[in-house]
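*Asks:*
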Ligand code: SAM
């Protein structure tokens, strides 16, 4: 396949049945596969009968390897980027390569598939209309708490990746910074034999892990329910006033204020005062 394209190819996060037919097709067809760990990816490629040559592309050689791969693209070769699992660049190498390839004017094509963050989010039952991803929290408790303090009032659902070694220490810091009552969802070993999703307050989830060391094993996505939206206290804007004007023709003032409060985040009392003002 000679076409000077970099394909960014997602691979399974546990269950090999999640490998997409398109990923297999592309990995077979490209001239070279850039892999985070060639030994690790070789097993995956062998499973699917793919024998395309591989080169390593990881955090320690990505700058150098990107230059080498650019030369191959210039020569008309096509390249596929894979990481050990899931979607490259998502808490994985690849950013340097993709940036350089785009800057050089070559096409970068996604071959989407698994991503632990999205898999976890999709089953969490937490709001998904907006969310924030922090990647891995710092390894040391002091750095971790600092990050958590910055996230404590984030009103969107937010998520971090966590490892078996740190999950209990992290939960202890969650409890200290976010409070024991914050609602979280722990997605463990997604798509694998011991897939588990535990939801509850930080304290409840921590207790489940303390009571059963098996629940501390494997790979984790920790999802956190956002902090409640702060009620607005600034002056009621024109749009909210218009809604009130409209609703008070049909509803009692209190009901109209309550509905517009739900819609806009202004305090009910504040809106009720506007209703009285409108009614003269
Ligand atoms: N690029 C990957 C992706 O698309 O999800 C993430 C790579 S990152 C180096 C590895 C981390 O992702 C793990 O420590 C864990 O937090 C999360 N992870 C990967 N596979 C997972 C799985 N099957 N279940 C839960 N979390 C997983």
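Residue numbers (the numbering used here): 139 to 418. Yeah, the Cβ is synthetic: ideal placement off N, Cα and C, and Gly gets one too.
1. If you draw a straight line from the alpha carbon of residue 263 to that of residue 322, how long is it in whole angstroms?
2. Exposed or buried, what is residue 149 when buried is set at 16 or more other beta-carbons lying within 10 Å of its beta-carbon?
3. With DSSP as the reference, label residue 150 as helix, strand or coil.
4. Is it true that the CB of residue 315 sits closer than 8 Å to the CB of residue 290?
5. Is the segment 193–209 in contact with the segment 227–239, if contact means three or more CB pairs nearer than 8 Å?
6. So what's residue 355 in DSSP terms, helix, strand or just coil?
7. Is it true that the segment 371–383 meets the segment 329–340, where meeting means three or more beta-carbon pairs spaced less than 8 Å apart?
8. Using 10 angstroms around the beta-carbon of residue 224, count the other beta-carbons present and answer buried if the total reaches 16, otherwise exposed.
9. Compute the Euclidean distance between the alpha carbons of residue 367 and residue 269, then round it to the nearest angstrom.
10. What does the alpha-carbon distance come out to for the pair residue 286 and residue 301?
11. Can you check whether the CB of residue 249 is closer than 8 Å to the CB of residue 167?
12. Compute the beta-carbon to beta-carbon distance between residue 347 and residue 353, rounded to the nearest angstrom, for a pair I have assumed lies under 8 Å.
13. Mapping DSSP to helix, strand and coil, what is residue 270?
14. With hydrogens ignored, establish whether the beta-carbon of residue 253 is closer than 7 Å to any heavy atom of the ligand SAM.
15. Check for me: the alpha helix (DSSP H) holding residue 305 runs from which residue to which?
16. Assign residue 183 to buried or exposed, taking buried as 16 or more other Cβ atoms, counted over all protein chains shown, within 10 Å of its Cβ.
17. Can you list, in chain order, the residues of its chain with a C-beta nearer than 7 Å to that of residue 154? Leave out the 5 residues immediately preceding and following it.
18. Where in the segment 151–178 do unbroken runs of the beta strand (DSSP E), each at least 3 residues long, occur, reported from the N-terminal end onward?
19. Rounded to whole angstroms, what is the Cα-Cα separation between residue 318 and residue 341?
20. Does at least one heavy atom of the ligand SAM sit under 7 Å from the Cβ of residue 220?
21. Less than 8 Å between the C-beta atoms of residue 258 and residue 359, yes or no?
22. Tell me the residue span of the beta strand (DSSP E) that contains residue 300.
*Replies:* Considering the structure as presented:
1. 10 Å
2. buried
3. coil
4. yes
5. yes
6. coil
7. no
8. buried
9. 14 Å
10. 17 Å
11. no
12. 5 Å
13. strand
14. yes
15. 305–316
16. buried
17. 185
18. 170–173
19. 5 Å
20. no
21. yes
22. 295–301
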